[in-house]
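Asks: I have a structure here, written as C-alpha cells, and I will follow up with some questions on it.
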C-alpha cells in the first residue's frame, strides 16, 4: 500500500503503532523496509507512544531510518501512561515501573538526542573502536521533522517548543466552549499557532477518516456506510474522564466530501490533511479508496499528485501489510 501511495502521487504515508494488538508494533522497522521500496514519499508515524520507548534508543533507530530513506522520515510521538499499563508494567519495566516518568520530559529527551546533544561523558578510542558523546548516526534536519499529537495542552506545548502538530479524529473536550468536534479541533490548531514563534511556517496535519465512493461498487458503498454508522455513537457525547469527542467518519462522493471538508472548521485551518484508512476493510477496498483520493478528491480540494515515476506494484508479486484500526494514513497537501 505504501508503494502504491507513492505511485499515485501522495506526499506522505503514515502508520500507527499498536502494542499487544494486531497491527504494527514496530513502525520504525516497517518504515525501514518501506524506505528501500520507495524513493520519494515521506514516511511518518502517527504516533509512537513514548511511554514504551527509551528515548536514546529510539533516537538511534529513527536516525538510522532517516539516513536510509534519504531524509524522508516524519516521526510523530505522544506521551502519557501507556494504555492498560497496569497489566504489563512489570514485563516492560521490571525494576522501575513505579517511578517511570511519562511526562513531556520524555519528548525533551528524544529531541536532545536527535539534536546531537551529548548523552555520554566519554569521547575517544578504546583500542580500535571510536566512541562519540552524541547519538549515532546523526541525521541533520530530523529533529525539525518531529510531530507531536494530543489535545489543547499538547497543542500549546508543541507550538512553544517549535514542534509540528498532529491533530486526529479524536479530541479532548475538557474546558471546551462547545462539544462540536470541528470547533474543538479548530481551537487546538489556533492555540498551537498562537504559541509557535514562527506560526506562518508551523506545520499542522489534520487526521480524519474520509471514504470517497466515486468508483466503489454498490456493495462497497453499503459496507462503508454501515461501518461509519457503527461508530456514530462515540461522536454523540463525550467519552471517559477527559471528555474525549470523536469525529464522524465521512463517506460519500468526492463532490459531497469537498463540501463537508470546506465547511469543517478544523480543515479550514490546515495546509495538510491525513486521511486514515478504516479498520477491517479488504485490500481492494483500500486500493479503491486511495485511488479515488489521489485521482478525484485531492484535485477537487486543490491538490495535485506528484508525477508518478514508478509503476504500481503487482499485488500478485508483493506481500501486503494488513493494517489495524486507522493504521495507514495518506496525506493530501491542500
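Numbering (our numbering), first residue to last: 97 to 430. Heads up, the beta-carbon is just placed ideally off N, CA and C, and yes, glycines get one too.
According to the Cβ coordinates, are residue 262 and residue 143 closer than 8 Å?
Replies: For residue 262 and residue 143, yes; Cβs fall inside 8 Å.
Asks: Would you list the one or two residues that DSSP bridges to residue 341?
Replies: Partner(s): 267.
Asks: How big is the Cα-Cα spacing for residue 433 and residue 248?
Replies: Any property of residue 433 remains undetermined from this structure, which presents the chain solely from 97 to 430.
Asks: Let me know if residue 242 comes out buried or exposed under the rule of 16 or more other beta-carbons within 10 Å of its beta-carbon.
Replies: Residue 242 comes out buried.
Asks: For a quick check, are the C-beta atoms of residue 152 and residue 139 less than 8 Å apart?
Replies: Their beta carbons are not under 8 Å apart, which means residue 152 does not touch residue 139 by this criterion.
Asks: In the DSSP assignment, find the unbroken beta strand (DSSP E) run with residue 368 in it and report its ends.
Replies: Taken as a continuous stretch (DSSP letters only), the beta strand (DSSP E) holding residue 368 covers 368-372.
Asks: Quick check on residue 406: does DSSP put it in helix, strand or coil?
Replies: Confidence at residue 406 is low in this model, with a pLDDT of 46, below 50, so its placement is unreliable and the value that follows should be read with caution. Looking at residue 406 - three-state DSSP - the assignment turns out to be coil, as it is neither helix nor strand.
Asks: Please identify the residue among 359, 387, 378 whose C-alpha is closest to the C-alpha of residue 371.
Replies: Taking only the C-alpha atoms, the option nearest residue 371 is 387.
Asks: Would you kindly check if the distance between the Cβ of residue 328 and the Cβ of residue 280 is under 8 Å?
Replies: The answer is no: Cβ separation not under 8 Å.
Asks: Helix, strand or coil for residue 134? Go by DSSP, reduced to three states.
Replies: Looking at residue 134 - three-state DSSP - the assignment turns out to be coil, as it is neither helix nor strand.
Asks: In the structure shown, what three-state DSSP assignment does residue 142 receive?
Replies: Strand, per DSSP.
Asks: What three-state label does DSSP hand residue 253 in the structure shown?
Replies: In the structure shown, residue 253 sits in a helix (DSSP, three-state: H, G or I).
Asks: Looking only at DSSP bridge pairs, what is residue 306 linked to?
Replies: The partner list for residue 306 (beta bridge, DSSP) reads 346.
Asks: At which residues does the alpha helix (DSSP H) containing residue 314 begin and terminate?
Replies: Segment 314-326, the alpha helix (DSSP H) holding residue 314.
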